[in-house]
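For the sequence shown, this note's numbering assigns the number 1491 to the initial residue and increments by one for each residue that follows.
Worksheet: the structure to be examined is printed underneath.
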Amino acid sequence: MKRSKGLVVLIIMMLSVSIPFQVINGKMSFISSNSTSRFINDLYADLQLDALGLDVAIFKTALEGHQKLDHENKLSASNLVTIVDLSQPSTNKRMYIVDLKSRKLLFNTYVAHGKNSGDLYATHFSNIPSSLQSSLGFYVTGNVYNGKHGLSLQLLGQEPGFNDEALDRAIVLHGADYVSESFIKNTGRLGRSFGCPAVASELATPIINTIHDGSCLFVYFPDPIYFKKSILASISRD
């Protein structure tokens, strides 16, 4: 009886935020492909992500990969999705953190790419240790710790061959002084990391405290090899 009441409460909560989910075997799922498209398009429009530079196809890819991870019981903070769009130059605010339940854009800010991935644009990616390149694909956020960059967040790569070496490579989310508008003004681009998605020093703590321990993070670039081989990013690209 208690379980039934809990299920009713969960359904009411989901309906109250207009998310077209149903519960199957204890997991939330989009009711249909049509409702999925409506939800994504409506949320995309409500958050004005087009004006903020994020393509709707990237948003859809991120949410569908997020749902797959959730169905695999890998997300304990399934209301959150973080998108890092490395098809944009580093002078753009190309990190987007969305709360799907409250339908809010929590952060839209600058994020660095790896030193050997490119200058203004990231064009090269690697899963190899010491490559100093960014790695594409889906991650699940892990533990918070204090390291050489201060408060940092472990990233657990979910895609073999693309980012599953992230933990061994110490690819983490951390703050950096070279992620700032003043650095852009002086150099024409952000500074670059050793492969980590570094954010502004003043935003590292609030971002890490928001997305730590079991949320989805997606690093995007229209790489044909990645989209051909990825299981989580199932949308084909030209």
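The C-beta atom is built at its ideal place from N, Cα and C for all residues, glycine as well.
Keep in mind the model is a prediction, meaning the values are calculated, not measured.
Looking at the structure shown, is Ser1670 part of a helix, part of a strand, or coil, going by DSSP?
coil
Using the beta-carbon count (16 or more within 10 Å), is Gly1637 buried or exposed?
exposed
Does any CB atom of chain B fall closer than 8 angstroms to the CB of Ala1552?
The displayed structure is made up of one protein chain only, and chain B is not part of it.
Proximity winner among Asp1575, Leu1693 and Ser1672, relative to Tyr1611 (alpha-carbon distances):
Asp1575
Given a threshold of 16 other Cβ atoms within 10 Å of its Cβ, counted over all protein chains shown, does Pro1687 qualify as buried or as exposed?
buried
Taking only runs that begin and end inside the stretch 1577–1644, name each unbroken alpha helix (DSSP H) of 4 or more residues, in chain order.
none
Just reading off the beta strand (DSSP E) that Ile1573 is part of, what are its end residues?
Leu1570 to Asp1575
For a test of the three-state rule: what should DSSP assign to Leu1646, helix, strand or coil?
strand
Inter-stretch contact at 8 angstroms, needing at least 3 Cβ pairs: the stretch 1577–1595 / the stretch 1642–1652:
no
Same chain, Cβ closer than 7 angstroms to Ser1670, five either side skipped, listed in chain order:
Ala1690
Determine the DSSP secondary structure at His1556, reduced to helix, strand or coil.
helix
Looking at the secondary structure, which residues open and close the beta strand (DSSP E) in which Leu1707 lies?
Cys1706 to Tyr1710
Starting from the C-beta of Phe1673, find all residues in its chain whose C-beta is less than 7 angstroms away, skip the five residues before and the five after it, and write them out in chain order.
Leu1680 and Gly1681
Between Ser1577, Leu1533, Pro1579 and Pro1619, which has its C-alpha nearest Phe1684's C-alpha?
Pro1619
Taking one C-beta from the stretch 1559–1577 and one from the stretch 1703–1713 each time, how about it: are there three or more such pairs within less than 8 angstroms?
yes
Return the CA-CA distance between Gly1640 and Asn1617, expressed in angstroms with no decimal places.
24 angstroms
Would you call Gly1678 buried or exposed, if buried means 16 or more other Cβ atoms sit within 10 Å of its Cβ?
exposed
N-terminal and C-terminal residue of the alpha helix (DSSP H) that Lys1718 is part of:
Pro1714 to Lys1719
Is the beta carbon of Val1634 closer than 8 angstroms to that of Ile1698?
yes
When we look at the beta-carbon of Ser1607 and count the other beta-carbons within 10 Å, is it buried (16 or more) or exposed?
buried
Note down, in chain order, each residue of its chain lying with its Cβ closer than 7 angstroms to the Cβ of Leu1622, except the 5 sequence neighbours on either side.
Gly1604, Lys1605, Asn1606, Phe1684 and Gly1685
According to DSSP, residues forming a beta bridge with His1664
Ser1642
Nonlocal neighbours in the same chain, by C-beta distance under 6 angstroms from Ser1705, ignoring five residues either side
Ala1567, Leu1570 and Thr1631
Between the C-alpha atoms of Thr1613 and Thr1526, what's the straight-line distance to the nearest angstrom?
31 angstroms
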